[in-house]
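Colleague:
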């Protein structure tokens, strides 16, 4: 599948900027990322490429972006090798940075984990639909971005955990539970366990 363009209503369209809300959204996303085990922090695009080079297609990680105007980037192993895509943020929403003229906006999400989980579950978008973070000083050549089906599919299948941040057995159990129920808060479990499940509602 190809990720479809959708209309996005960011805070600027609803009116007003809320720095406290920005801080909450960004802080929450980084908390989720650190818990996930596949956030690699301030590694370079080259280091991400090296980590993914011998992995199977669809293996991915999230790292700090090399571009000064972006916080994060998604690095993924495609059928043509590792590549990186910038993750944009604006006033409560995260989305993959698009450089395709036909796709000025891709679907947005309240946190990075929801974004990654969406593309993991829904299938592909093409590299031509998203900007590349590997060479932050180089502007994309419009001639290289033609039909939307001509790009390399960015298929997300499994995260690459950072060796020193490999998840605990408790966290892996939480992910397994999340994969099998949409209502973990209704399970007959003690409150401390329910709170633990609620702290990370994702299945990746």
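In UniProt numbering, the protein residues as written are 1 to 204. Glycine is no exception: its CB is placed at the ideal position from the N, C-alpha and C atoms. From a predicted model like this one, the values you see are computed outputs, not experimental measurements.
Could you check if residue 93 is buried or exposed, using at least 16 other CB atoms within 10 Å of its CB as the buried criterion?
Modeller: Against the chain shown, residue 93 aligns to sequence position 93. Residue 93 comes out buried.
Colleague: State the Cα-Cα distance for the pair residue 71 and residue 190, rounded to the nearest angstrom.
Modeller: Within the chain shown, residue 71 is the residue found at index 71, counting from 1. Within the chain shown, residue 190 is the residue found at index 190, counting from 1. Roughly 37 Å separates the two Cα atoms.
Colleague: For the beta strand (DSSP E) that residue 73 lies in, which residues bound it at each end?
Modeller: Residue 73 sits at position 73 when you count from the first residue of the chain shown. 72 to 78 is the span of the beta strand (DSSP E), which, as asked, contains residue 73.
Colleague: Have a look at 25, 69 and 82 and flag the residue whose alpha-carbon is nearest the alpha-carbon of residue 47.
Modeller: Taking the chain shown and counting its residues from 1, one reaches residue 47 at position 47. Minimum Cα distance to residue 47 is reached at 82.
Colleague: Based on the DSSP secondary-structure assignment, which residues constitute the bridge partners of residue 62?
Modeller: Your numbering for residue 62 matches position 62 in the chain shown. The partner list for residue 62 (beta bridge, DSSP) reads 39 and 74.
Colleague: What residues in its chain sit with their C-beta under 7 Å from that of residue 178, if we drop five residues either side in the sequence?
Modeller: Counting from 1 along the chain shown, the entry for residue 178 is found at position 178. Contacts found: 184, 201, 202 and 203.
Colleague: Given residue 38, which residues of its chain have a CB within under 7 Å of its CB, disregarding the five upstream and five downstream residues?
Modeller: In the chain shown, counting from the first residue as 1, residue 38 sits at position 38. If we look at residue 38 and ignore the five residues flanking it on each side, its Cβ neighbours are 61, 62, 159, 160, 161 and 162.
Colleague: Alpha carbon to alpha carbon, how far is residue 68 from residue 174? Give it in angstroms, no decimals.
Modeller: Taking the chain shown and counting its residues from 1, the one referred to as residue 174 is at position 174. Taking the chain shown and counting its residues from 1, the one referred to as residue 68 is at position 68. Between residue 174 and residue 68, the C-alpha separation is close to 35 Å.
Colleague: Looking at residue 115 and residue 87, is the spacing between their C-beta atoms short of 8 Å?
Modeller: To locate residue 87, count along the chain shown from 1; it is residue 87. To locate residue 115, count along the chain shown from 1; it is residue 115. Yes, Cβ-Cβ distance for residue 87 and residue 115 is below 8 Å.
Colleague: Give every residue of the same chain whose Cβ lies closer than 6 Å to the Cβ of residue 49, excluding the five residues on either side of it in the sequence, and list them in chain order.
Modeller: Residue 49 sits at position 49 when you count from the first residue of the chain shown. Taken in chain order, the residues that qualify are 82.
Colleague: What does the alpha-carbon distance come out to for the pair residue 196 and residue 167?
Modeller: Counted from its first residue, the chain shown places residue 196 at position 196. Counted from its first residue, the chain shown places residue 167 at position 167. Roughly 14 Å between the two C-alpha positions.
Colleague: Report the option in 89, 43, 171 and 108 whose CA atom is closest to the CA atom of residue 75.
Modeller: As a first step, residue 75 is located in the chain shown; it is residue number 75 there, counting from the start. Answer by Cα proximity: 43.
Colleague: Among 188, 172 and 186, which one has its Cα closest to the Cα of residue 35?
Modeller: Working through the chain shown from its first residue, we reach residue 35 at position 35. It is 172.
Colleague: Among 154, 96 and 121, whose alpha-carbon lies nearest the alpha-carbon of residue 110?
Modeller: Position 110 of the chain shown, counting from 1, holds the residue named residue 110. The option with the nearest alpha carbon to residue 110 is 96.
Colleague: Spell out the partners DSSP gives residue 83 in its beta bridges.
Modeller: Start at 1 with the first residue of the chain shown, and residue 83 comes out as number 83. DSSP lists 76 as partners of residue 83.
Colleague: Can you tell me which of the three DSSP states residue 200 falls into?
Modeller: Your numbering for residue 200 matches position 200 in the chain shown. If DSSP states are grouped into helix, strand and coil, residue 200 belongs with coil.
Colleague: Helix or strand or just coil, what does DSSP make of residue 57?
Modeller: Within the chain shown, residue 57 is the residue found at index 57, counting from 1. Three-state DSSP puts residue 57 in coil, outside helix and strand.
Colleague: Going by C-alpha distance, which of 154, 176, 84 and 182 is nearest residue 45?
Modeller: Position 45 of the chain shown, counting from 1, holds the residue named residue 45. Checked all of 154, 176, 84 and 182; the closest Cα to residue 45 is 84.
Colleague: Go to residue 96, then tell me how far its beta strand (DSSP E) extends in each direction, as first and last residue.
Modeller: As a position in the chain shown, residue 96 is number 96, starting the count at 1. 93 to 96 is the span of the beta strand (DSSP E), which, as asked, contains residue 96.
Colleague: Please check the pair residue 157 and residue 59, which I expect to be a contact at CB under 8 Å, by giving their CB distance rounded to whole angstroms.
Modeller: Within the chain shown, residue 157 is the residue found at index 157, counting from 1. Within the chain shown, residue 59 is the residue found at index 59, counting from 1. Right, the Cβ-Cβ distance comes to about 7 Å (below 8 Å), so this counts as a contact.
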